[in-house]
Amino acid sequence: MRRYWLIFAQTVTVALALYFVVAALRPDWLGRVPVPARVGTGSGAVPVLQAPPLPAPDSFRLAAARAMPAVVNITTSKATRETNPLLKDPFFRRFFGDKLPPDEQLSSLGSGVIVSSDGYILTNYHVVEGADEIEVSLADGRRAKAQLVGTDPETDLAVIRIREPKLPVMLLGNAEQARVGDVVLAIGNPFGVGQTVTMGIISALGRNNLHINHFENFIQTDAAINFGNSGGALVDTRGDLLGINSAIYSQTGGSVGIGFAIPVSTAKAVLEAIVQHGSVVRGWIGIESQDITPEVADSFGLARASGAIIAGVVRDGPADKAGIRPGDILLDVNGKPVASTSDTINLIAQLQPGGKSKMTVMRKNHRATFEVLVGTRPHQVP
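Residue numbering for the sequence shown is 1 to 382, as defined by full-length UniProt numbering.
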């Protein structure tokens, strides 16, 4: 056995030595042949050697090429004012003709992601809000009128649909496996200049309390996101969808390296609900909660400043009927711990309306469990 190992070690050593000799003396034998070229023309031309076209070692061209065809440009339009009926009267048009003012239109630009071969496209609600017409421009040059399937203002998501053959589709990634520091690409159509790819990293996960949407669980990135990127794709280095770019933090309107994307897990749930039911149905128990600060924790004698205190209960709502009262501290929902107001909102919204849920609270230093009949969350409740 030792003999074979010595032979193997000697063979590797000789091979490496030959490689370095060849690389130094005859690099063309290794496939990287410099291409002769000249800078300038005539007698003053300078001979140079041009490197062969090989992929850069840190290039993300494959991920971009895989994802870009499924990112679309969205143009919306709507009338900015109602037309006076007199302006449509033939008598007036006979005298004024083309001098009559046309119906003014307001166009806006955004982006979207094709996530189904059936033509379903995910975008932001604010991109298509109030639109009379929606037009989608594909990366291959095709244009198509889009139908609004449904919206979810509380997550700022919307689903539109086009009917075109052989549509490119982006694969859904796994945002739960993403970590701070992972490289990501943002793809969209900033300022209407055309499809653009920017690169950055994931700066933070689970961003909330930004007062952008009601339900917040943002992926934060420093990949440049600008006006027109809304609704576009945040993808990983494989080209799989991690999130829908939604907002930026900026005092100037331009990118300053703080952008926010809605995780693909949230987008997928909204997409399925809208396609199946036409809208998103969420659970509701009729409480208003607030975070527990260190001062509140001290006053209640709590060991840690986390959780949510119930500040208000809707009269005759599900929580009120179950016996939950203002001042109770919500500890868990169906066994899932509550660490903040954001947790409270998200956990309750995930409950199935019409079903029963167990809520554990702390009341006067005593734990109590209540069974709550979950109601349907009204739209845009505080």
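Glycine included, each C-beta is placed from N, C-alpha and C at the ideal position.
In DSSP terms, what residue i is bridged to
i           : result
N365        : None; N365 has no bridge partner.
Y120        : R161
residue 424 : Because residue 424 is not part of the residues shown, which for the chain are 1 to 382, the question remains open.
V270        : Answer by DSSP bridge pairing: none, since V270 is not bridged.
Q290        : I309
R66         : Paired residues: none, contrary to the question.
I285        : In the DSSP output, where bridge partners are listed per residue, I285 has none listed.
A186        : T198 and L234
G192        : For G192, which the question treats as bridged, DSSP gives no partner whatsoever.
K166        : According to DSSP, which records beta bridges pairwise, K166 is partnered with nothing at all.
I219        : L205 and A261
F60         : DSSP, once it has assigned bridges, lists no residue as partnering F60.
V136        : I74 and A144
Residues of its chain near residue i, where Cβ-Cβ distance is below 6 Å and the 5 sequence neighbours each way are ignored
i    : result
F95  : Unreliable positioning characterises F95 in this predicted model, as indicated by a pLDDT of 44, which lies under 50. The coordinate reading is nonetheless provided below. Within the same chain, F95 has no close Cβ partners at all.
D240 : L171 and G173
P151 : Going by the sequence as given, residue 151 is Thr instead of Pro. Closer than 6 Å at Cβ, skipping near neighbours: Y125 and A158.
P153 : Y125
D291 : S340 and T341
H214 : E154
G194 : none
R163 : G119
I212 : A247
G130 : K78
heavy atom of the ligand GDP below 7 Å from residue i C-beta
i    : result
G375 : The ligand content of the structure shown is nil, which means the ligand GDP is not present either.
Chain-order list of residues whose beta-carbon lies under 7 Å from that of residue i (same chain, five-residue window excluded)
i           : result
T344        : S289, A308, L330 and V338
G257        : D222
R377        : R282, G283, W284 and A349
N334        : S357 and K358
E371        : A322, K356 and K358
A319        : I285, G286, I287, V313 and V372
V270        : D152, T155, L157 and V280
residue 403 : Residue 403 is absent from the structure shown; the chain starts at 1 and stops at 382.
Buried versus exposed, by CB contacts within 10 Å (16 or more), residue i
i           : result
P382        : Note on P382: pLDDT 38, under 50, position unreliable in the model; the coordinate value appears next. Exposed is the call here.
L148        : exposed
A267        : buried
D118        : exposed
T341        : buried
A311        : exposed
P190        : buried
T9          : For the record, residue 9 in the displayed sequence is Ala; it is not Thr. That one is exposed.
N346        : buried
I7          : exposed
G375        : buried
P165        : exposed
L210        : exposed
G228        : buried
S230        : buried
N73         : buried
T123        : buried
E104        : Because E104 sits at a pLDDT of 49, beneath the cut-off of 50, its placement in the model cannot be relied upon, and the following sentence gives the value as read from the coordinates. E104 is exposed by the Cβ-count criterion.
T369        : exposed
residue 425 : As displayed, the chain neither begins before 1 nor continues past 382, which places residue 425 out of reach and without an answer.
A175        : buried
G243        : buried
S255        : buried
V280        : buried
D58         : exposed
A224        : buried
N365        : exposed
D328        : buried
L351        : buried
V14         : exposed
Sub-8 Å separation of residue i and residue j beta-carbons
i    : j    : result
V180 : I187 : no
G283 : P326 : no
G317 : G278 : no
I160 : A146 : yes
V184 : V113 : no
V169 : S116 : yes
D132 : K78  : yes
S250 : I262 : no
V361 : I324 : yes
R238 : A64  : no
V275 : Y120 : yes
A178 : I202 : yes
Same chain only: Cβ atoms within 8 Å of residue i, ignoring 5 sequence neighbours per side
i    : result
R3   : none
R207 : E216, N217, F218, I219, Q220 and F260
S107 : T75, T76 and S77
V128 : I74, T76, G110, I134, L148, T151, A158 and I160
R143 : E135, V136 and S137
R363 : R325, G327, D328 and I329
Residue-chain proximity (residue i, chain D), Cβ-Cβ < 8 Å
i    : result
E295 : Annotation note: the requested chain D is absent from the structure, which comprises a single protein chain.
*Taking only runs that begin and end inside the segment 318–360, name each unbroken alpha helix (DSSP H) of 4 or more residues, in chain order.*
Counting only unbroken stretches of 4 or more residues, the alpha helix (DSSP H) elements lying wholly within the segment 318–360 are 318–322 and 341–349, in sequence order.
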